[in-house]
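What follows is a set of notes on a single structure, which appears directly below.
Residue numbers (this note's numbering): 6 to 386.
Spelled out as structure tokens, the structure:
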């Protein structure tokens, strides 16, 4: 049965938050920011830090867990697909459009004030970039600052497919997992053996990443459904050993940064996820003790991700113009990146609140005045 009204559980109150998921998502996003800083710092030990808790497999695992919680059957009723799409696309697209309008405006101004082809804007591609389904490449400069938006492309597709994926999982979960793994293996064969790049019309289609991250997204279903949480520690430990051995072997096939190889990315990310599940009780205690910090990060994770790469690239270019390569350059880049990111989050974070319709979002001083209300000011006597 599909309904558009809230389920009895939802009417009774919001579901209890899973502190483990909040912790994993917050740590993953913060980790992404620091990896960007280290990558631009040109340190001698790069790419070793990329082996530490790859963020994207875990982020998609968390997203899949939450999607299944929203769309599963509860007491004979289910949230309708249109209701889910409306809510999810609103939460994704409003912050993205605020971000994209800003960087697109900078790209247009740069095009009008510079003669170099590096800044030239293709205005048709600029409009296509607003869909979120392609990495914006209206100019070389814009592409330089928006490479991280592959995440947006993949996540929009996963969100569109989520209602069908949940129903398929409820009917034939193992067949579905086998299908996704086979699809990923086929895509990897095309990439590694046939040198297929999935570029169409000048746009880089994110087929490889979609095939990769659909797997942890589906594993998130198992977590919310309960099977993964009920797995024995021995089973998790055996899976951890296999994932670690697989990652070590595949590093000999494709060396370099972990995220440069989607197979290695999944294996290393999966190993860290298994570690988290093995020590989940301890992590939940930690998350509960530090819930105030996590609750500050969680509502801004999407904003931080949207702006993190762009501000880091901008700060790195800015530091290169001012200081010669070295520790001074790295320090200026890191400081500038964090300051610029802080300004961006402060300036645009409210959009994430409005898109999620969080209580009090409309009352924030820097939010749009969608409801004008007069309140008499009281002066101290």
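Backbone N, C-alpha and C fix where the C-beta goes; we use that ideal spot for every residue, glycine too. Note that the structure is a prediction, hence the values are computed from the model and not measured.
Where the alpha helix (DSSP H) through residue i begins and ends
i, result
"residue 259", "From DSSP, residue 259 is part of no alpha helix (DSSP H); its letter is neither H nor E."
"residue 1", "Any answer about residue 1 is impossible in this case: the structure gives the chain only from 6 up to 386."
"residue 61", "60 to 76"
"residue 152", "Unbroken run through residue 152: none, as it is neither H nor E."
"residue 134", "128 to 134"
"residue 267", "267 to 283"
"residue 31", "24 to 45"
"residue 212", "212 to 230"
Inter-residue spacing [alpha-carbon to alpha-carbon] between residue i and residue j
i, j, result
"residue 355", "residue 213", "33 Å"
"residue 148", "residue 142", "5 Å"
"residue 132", "residue 126", "11 Å"
"residue 94", "residue 70", "17 Å"
"residue 358", "residue 161", "19 Å"
"residue 231", "residue 222", "15 Å"
"residue 240", "residue 303", "31 Å"
"residue 244", "residue 364", "41 Å"
"residue 226", "residue 179", "12 Å"
"residue 260", "residue 251", "13 Å"
"residue 238", "residue 183", "24 Å"
"residue 39", "residue 49", "16 Å"
"residue 187", "residue 313", "33 Å"
"residue 295", "residue 301", "10 Å"
"residue 191", "residue 328", "46 Å"
"residue 331", "residue 323", "14 Å"
"residue 22", "residue 122", "50 Å"
Chain-order list of residues whose beta-carbon lies under 6 Å from that of residue i (same chain, five-residue window excluded)
i, result
"residue 72", "167"
"residue 16", "Note that residue 16 has pLDDT 41, beneath the 50 cutoff, so the model's placement of it is unreliable and no number is given."
"residue 315", "150"
"residue 219", "185"
"residue 208", "139"
"residue 335", "46"
"residue 154", "140"
C-beta contact flag for residue i and residue j at 9 Å
i, j, result
"residue 61", "residue 264", "yes"
"residue 345", "residue 320", "yes"
"residue 140", "residue 158", "yes"
"residue 284", "residue 350", "no"
"residue 353", "residue 107", "yes"
"residue 112", "residue 102", "no"
"residue 210", "residue 204", "yes"
"residue 282", "residue 248", "no"
CB-CB length for residue i against residue j, believed under 8 Å
i, j, result
"residue 105", "residue 135", "6 Å"
"residue 64", "residue 33", "5 Å"
"residue 360", "residue 36", "Between residue 36 and residue 360 the Cβ distance is about 24 Å, and since that is not below 8 Å, they are no contact."
"residue 76", "residue 89", "6 Å"
"residue 173", "residue 181", "5 Å"
"residue 25", "residue 305", "Incorrect: roughly 19 Å between the Cβ atoms, too far for contact."
"residue 224", "residue 66", "6 Å"
"residue 342", "residue 42", "6 Å"
"residue 229", "residue 74", "5 Å"
"residue 52", "residue 242", "Their Cβ separation, rounded to whole angstroms, is 27 Å, which puts residue 52 and residue 242 out of contact at 8 Å."
Close beta carbons around residue i, own chain, < 7 Å, minus the five adjacent residues each side
i, result
"residue 217", "189, 267, 270, 271"
"residue 387", "One cannot answer for residue 387 here, as it falls past the ends of the chain, which runs 6 to 386."
"residue 45", "317, 321, 338"
"residue 340", "none"
"residue 215", "159, 162"
Proximal residues to residue i (C-beta, below 8 Å), its chain only, five neighbours per side dropped
i, result
"residue 307", "96, 97, 100, 357"
"residue 255", "266, 268, 269, 272"
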